Amino acid sequence: MQPQQRLLNSNEQSSRKKPSSRPSTAPSNFAHVFDENALPTKRQLLDAASCVVVAENGIRVPFGDLFREQKTVVIFIRHFWCPLCQDYMFSIANTVDPQVLKQSGINLVIISNGSYNMIKSYRQIFRTPYAVYTDPSSRIYGILGMTVKAVESKAEQRRSSYVRHSRAGGIAMVIANALRVGMPVWEKAGDPTQLGGEFVLGPGMTASYAHRMRSRSSHAPIVRVLTAAGV
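Counting from 0, one number per residue, gives the positions in the sequence shown under numbering that gives the first Met the number 0.
1. Which of the three DSSP states is assigned to Pro-97 in this structure?
2. Taking just the CA atoms, how far does Ala-149 sit from Asp-96?
3. Mark Ile-74 as exposed unless 16 or more other C-beta atoms lie within 10 angstroms of its C-beta, in which case mark it buried.
4. By DSSP's criteria, Gly-57 is part of a beta bridge. Which residues make up the other side?
5. Report the option in Gly-229, Leu-38, Gln-85 and Trp-185 whose CA atom is closest to the CA atom of Phe-125.
6. At 4 residues or longer, what runs of the alpha helix (DSSP H) sit wholly inside the region 132-203?
7. When the Cα atoms are used, what is the spatial distance from Tyr-208 to Leu-200?
8. For Pro-268, tell me which candidate among Ala-188, Tyr-161, Met-204 and Ala-171 has the shortest Cα-Cα distance.
9. Mind checking who Val-73 pairs with in its DSSP beta bridge?
10. Of all the options Ala-171, Gln-69 and Ile-139, which has the alpha carbon lying nearest to the alpha carbon of Pro-194?
11. Who pairs with Tyr-208 in a beta bridge, going by DSSP?
12. Please classify Gly-169 as buried or exposed, where buried requires at least 16 other C-beta atoms within 10 Å of its C-beta.
13. Would you kindly work out how many angstroms separate the C-alpha atoms of Asp-190 and Thr-40, rounded to a whole number?
14. Which of helix, strand or coil does DSSP assign to Val-51?
15. In whole angstroms, what separates the C-alpha of Gln-69 from that of Ala-37?
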């Protein structure tokens, strides 16, 4: 995205002064413009790596430990109740062969936000062998640039290939899945305005792929992510 530029009329142009040679007083931590595919900087990776995520058993793990020793596909979902993300999770379950990942030396993890008490039943829905963690404060989401919030948009009328349900059908699916696996509905499922993304990180403080969602149904196709990871 390019920052908006104010149009100047002829009077403004003629009266415009030359820029000052003094150093800028703008804060050094001024937020960057959202970029869907920009790779995280070394500083962003270090900051994110120092944050903690919570595992299914409640153990707090430094985020950096997930990709310190091995190239890792990191999928950030929106929240545990999102029907569109559940469709995306089904696409991962139906497409990704854990043995192929293992042979390629690549790990895959899922990050949500909300309570870690949701993880066990969430994994049961998809029978996924991949580890799921939570970033309860969504701090890692912010550090890695997933700052756009979910709003109604015409872009969402163009359904991504992984989306299998209508809005009503998706809600019905989420309810049915929750009843089937006994999800703890009293637990916090995450921020409903949060959008996610997909990254290929590691080994170490390196990144080779990044994609950030612009709408609630804009996860990158998992095949594209795996190709970027070298699978």
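We put the CB at the ideal spot given by N, CA and C, even for glycine.
Quantities reported herein were computed from a predicted structural model and do not represent experimental measurements.
From the atom records:
1. helix
2. 31 angstroms
3. buried
4. DSSP, once it has assigned bridges, lists no residue as partnering Gly-57.
5. Of Gly-229, Leu-38, Gln-85 and Trp-185, the smallest CA-CA separation from Phe-125 is found for Gln-85.
6. 138-142 and 166-180
7. 7 angstroms
8. Lying outside 0 to 230, the shown extent of the chain, residue 268 is not represented and no answer is given.
9. Val-108 and Phe-198
10. The displayed chain sequence assigns Leu, not Pro, to residue 194. Taking only the C-alpha atoms, the option nearest Leu-194 is Ile-139.
11. Val-199
12. buried
13. Roughly 25 angstroms separates the two Cα atoms.
14. Val-51 falls in the strand class under three-state DSSP.
15. Between the alpha carbons of Gln-69 and Ala-37 lies a gap of roughly 21 angstroms.
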